[in-house]
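Residue numbering for the sequence shown follows my numbering, beginning at 1 and increasing consecutively. Below you'll find the structure, written out as C-alpha cells, and then a few comments.
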Amino acid sequence: LSIELGGDFLPKTMARVFERMLDKAVFGLLSNNENFDSRPLFNRERQNIIYEELHVDYFFVAKKLISRNMKATPTKMLLVIPKALEDQAVEVKESSAIDKTNLGILIVDSLEDPDNWYLMVEPNEYQAFRFNFLRDFDEPQIFIEMDAPALVLKMRQTFGVEILDWRSICASFKDGEKV
C-alpha cells in the first residue's frame with residue numbers, strides 16, 4: 001500500500017493535531033473544573049459560577065461576579081464557548097447593552113458540553129493561566145526514523161499549563177454538574 005502525500009498536507013495535519021492538543025490542555029482546565037488551592041476552580045465559595053444559559057442578562061451577572069472577585073471592573077472580556085453556542089454569543093455581543101469593542105468571542109472546539117460557557121478577563125489585561133513550552137521549544141519537534149520499508153515520523157511537543165488566579169474567570173454550568 002502506498003499513500004502519496006503531496007504539498008502541504010502533512011504540515012497542515014500536524015498543525016491541526018497540535019492545535020487541538022493545546023486547546024484540550026488549556027481549556028480542559030476550565031471544562032474539567034480542575035482543583036486550584038485544593039478546591040474546584042469554579043465553586044460557590046469563590047462565587048465564580050452560575051447555572052444559566054448564555055444570554056445577555058447572565059453575561060452581566062457573570063461580569064459582576066468577576067468585578068466583585070477582582071475588586072475592579074475589567075475593561076476587555078472574552079467569552080469562551082463551544083461551537084454550539086456561537087449564535088447565542090453573537091446575540092450577546094450584538095446587544096445594545098454591550099460595548100462590542102470590549103468583548104471577544106473565542107470558539108473552542110475541545111469544549112464538548114454544548115451548554116457550558118465561560119467569561120474571563122481578556123488575557124492581555126489580566127492573566128489567569130500560564131502556558132509555557134519546555135526550553136522555549138514553541139514548535140513541535142519532529143523526528144524521522146528510517147525503518148525499512150517504512151519512514152516513521154514522530155512528533156513531540158512538551159508544554160505546561162497552570163492556573164494562576166481564579167478571580168478573573170466565571171463559569172456557567174447550565175445543568176449544575178461539575179461542582
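Even for Gly, the Cβ is constructed at its ideal location relative to N, Cα and C. Fair warning: this is a prediction, and the values are worked out from it, not measured in the lab.
**OP:** Check whether the Cβ atoms of residue 79 and residue 117 lie closer than 8 Å to each other.
**Re:** In contact: residue 79 and residue 117 (Cβ atoms closer than 8 Å).
Original post:
Three-state secondary structure (DSSP) at residue 65?
Top reply: Residue 65: helix per DSSP, three-state reduction.
Original post:
Would DSSP call residue 102 helix, strand or coil?
Top reply: Residue 102 falls in the helix class under three-state DSSP.
**OP:** Compute every distance between the C-beta of residue 168 and the non-hydrogen atoms of the ligand ZN, then say whether any falls below 7 Å.
**Re:** Summarising the ligand content, the structure contains no ligands, and the ligand ZN is consequently not present.
Original post:
In the segment 17-105, which residue ranges form an unbroken beta strand (DSSP E) of at least 3 residues, counting only runs that do not cross its ends?
Top reply: Runs found: 77-81.
Original post:
Closest by CA to residue 92, which one among 122, 64, 61 and 56?
Top reply: Residue 56 is the option with its Cα nearest to residue 92.
Subject >> Extent of the continuous beta strand (DSSP E) run through residue 154 >> reply: Bounds of the beta strand (DSSP E) holding residue 154 are 150-156.
Original post:
Which of helix, strand or coil does DSSP assign to residue 119?
Top reply: Here residue 119 sits in strand by DSSP.
Subject >> Delimiting residues of the beta strand (DSSP E) encompassing residue 143 >> reply: Counted as a single uninterrupted DSSP element, the beta strand (DSSP E) harbouring residue 143 occupies residues 141-147.
Original post:
Under a three-way DSSP split, which group does residue 167 fall into?
Top reply: Three-state result, residue 167: coil.
Subject >> 8 Å CB neighbourhood of residue 164 in its chain, flanking five on each side removed >> reply: For residue 164, where only same-chain residues beyond five positions count, the Cβ hits under 8 Å are 127, 128, 129 and 130.
Original post:
Terminal residues of the continuous beta strand (DSSP E) containing residue 135?
Top reply: Per DSSP, residue 135 belongs to no beta strand (DSSP E) and is neither H nor E.
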